[in-house]
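Student: Using this note's numbering, the first residue of the sequence shown is number 231, and each one after it goes up by one.
Each residue gets a CB set at the ideal place from its N, CA and C atoms; glycine is no exception.
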Amino acid sequence: MPNPTAIEQLEAALTAVDEIATADADRLTQLRTELLGRKAGVVTKVLRSLQGLPAAERRSVGARANEIKTAIEAALDQREAALTAAVDQARERDRSMPGRPSWRGAVHPITAVVDEICDIFRELGFTRVVGPEAETEAYNFTKLNIALDHPAADMQDTFYLSPGIVLRAHTSPMQARTLERFKPPVRIVVPGQVYRRDAWDPSHAPVFEQIEGLVVDEGVSFVDFKAAIDFFVRRFFGEDTKTRFRPSFFPFTEPSAEVDAQCHICRGAGCSTCKYTGYLEIMGAGMVHPAVLDNCGIDSELYTGYAFGMGPHRIAMLRYGIPDIRLLFENDMRFLNQFLE
Ligand code: PHE
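1) Expressed to the nearest angstrom, what Euclidean distance is found between the alpha-carbon atoms of T388 and Y425?
2) Here's the rule: buried if 16 or more other CB atoms are within 10 angstroms of the residue's CB, otherwise exposed. What is M231?
3) For the ligand PHE, I want to know if A406 counts as a neighbour, meaning its beta carbon is within less than 7 Å of at least one of the ligand's heavy atoms.
4) Report the partner residues of E297 according to the DSSP bridge assignment.
5) Measuring only from the beta carbon, is E511 closer than 7 Å to any heavy atom that is part of the ligand PHE?
6) Rounded to the nearest angstrom, what separates K413 and F371 at their Cα positions?
7) In chain order, what residues of the same chain lie with their CB nearer than 8 Å to the CB of V247, ignoring the 5 residues before and after it?
8) Is the beta carbon of H519 within less than 7 Å of some heavy atom of the ligand PHE?
9) Is the beta carbon of L391 less than 8 Å from the beta carbon of C526?
10) Can we count P535 as close to the ligand PHE, meaning its CB is less than 7 Å from some heavy atom?
11) Am I right that Q319 and V276 are in contact with their C-beta atoms under 8 Å? What's the rounded C-beta distance?
12) Indicate, with yes or no, if the ligand PHE has a heavy atom lying under 7 Å from the CB of Q440.
13) Do you know how far the Cα of E531 is from the Cα of E511?
14) On a Cα-Cα basis, can you pick out the residue from F351, T401, M327 and R278 that is closest to G361?
15) When DSSP labels each residue in this structure, what does M231 get in the three-state scheme?
16) Going by DSSP in three states, R417 sits in which element: helix, strand or coil?
17) Compare the C-beta of T503 with all C-beta atoms of chain B and state if any pair is closer than 8 Å.
18) With distances taken from CA atoms, which of Q405, F438 and V359 is nearest D428?
19) Using a Cβ-based criterion (distance less than 7 Å to any ligand heavy atom), does F480 qualify as near the ligand PHE?
20) Do Y536 and F455 come within 8 Å of each other at the CB atom, strictly closer than that value?
21) Is L510 helix, strand or coil when you go by DSSP?
22) I'd like to confirm something about A515: is its beta-carbon nearer than 7 Å to some heavy atom of the ligand PHE, or not?
23) Between the region 440–449 and the region 536–552, do three or more beta carbon pairs fall short of 8 Å?
24) Span of the alpha helix (DSSP H) holding M404?
25) What separation, rounded to the nearest whole angstrom, lies between the Cα atoms of L566 and G514?
Here you go:
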């Protein structure tokens, strides 16, 4: 006799729902599947079994069975609602719950160094500008007085995108672009990425940051150049820092210099950071070569200027004692978190 059994089974299911402890969320979910699951749910199965009954009986037993099913669903829903309300209330009341620490973004140390350097030059009236990373050979080399048979223009050193087009190997192309577009006085700093065919090692990267500086006006002298660089070095490394200019060579400056700042770690006494020289090399620089001015349509009889180029990666490494340039590219949070303010 399946009929009373069917009703009994359903009533037992309803009792099971009534008996769940009010706070037992897991049991509630479990029971909902056990009872109402589409395939194996107890209630589902019992209702399905009624199909085998004679028509008259099926009607009366079926009606009762559906009643109980509705009651089971209502009981489950009601318990679920009570549970959600209880959880919400508990959350609202628990003022002892610790707050979640909020994530704080921070600028990358290289970005911070670039901004700091550009800000120092802004005090001297320099404007910050940017230029393209894909350049023509003309801007990257020839307008800057670098012949295409110069080793720098070699495929070994420079990334070629297509014949005549390179990834700029320095920010100096912006000297030519600026001088072609603007009449002196010109005072710019140009931060940006540059590319060279160097393999990754502790002191080399195939892409790194540079900041170019350019001043062109009537009567700009080597003294103006030294004063501006000295001002920058004192601001950046500390007021009592000495600056040293060593003769050097660049095709686009004459005379050219390599600029050293007194080592901020040992104050000139000699240490491992400055390789016991007491000084750190921080930039290449010089007076703008008259050929560059002429190439850009600027009268080199009337105008003179100075230019410099420095590497924020190198400068950041010297300043913070970072032993490997790759640390500045990997974005390992254990490294970056040391630069949180
Ligand atoms: N462009 C040179 C370099 O990348 C640096 C430099 C810039 C030198 C401006 C002199 C003047 O090495």
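Tutor: According to the structure data:
1) 7 Å
2) For M231, the predicted structure reports a pLDDT of 46, less than 50, and the residue's modelled location is therefore unreliable. The matter cannot be settled from this model.
3) no
4) According to DSSP, E297 bridges with nothing at all.
5) no
6) 22 Å
7) L261, L265, I302, A305, L306 and R309
8) no
9) no
10) Before going further, note that residue 535 is Gly rather than Pro in the sequence given. No, since every heavy atom of the ligand PHE falls outside the 7 Å radius drawn around the Cβ of G535.
11) No, Q319 and V276 are not in contact; Cβ-Cβ is about 37 Å, not under 8 Å.
12) yes
13) 32 Å
14) T401
15) For M231, the predicted structure reports a pLDDT of 46, less than 50, and the residue's modelled location is therefore unreliable. The matter cannot be settled from this model.
16) strand
17) No chain B appears in the structure shown, which is made up of a single protein chain.
18) F438
19) yes
20) yes
21) strand
22) yes
23) yes
24) P403 to R411
25) 29 Å
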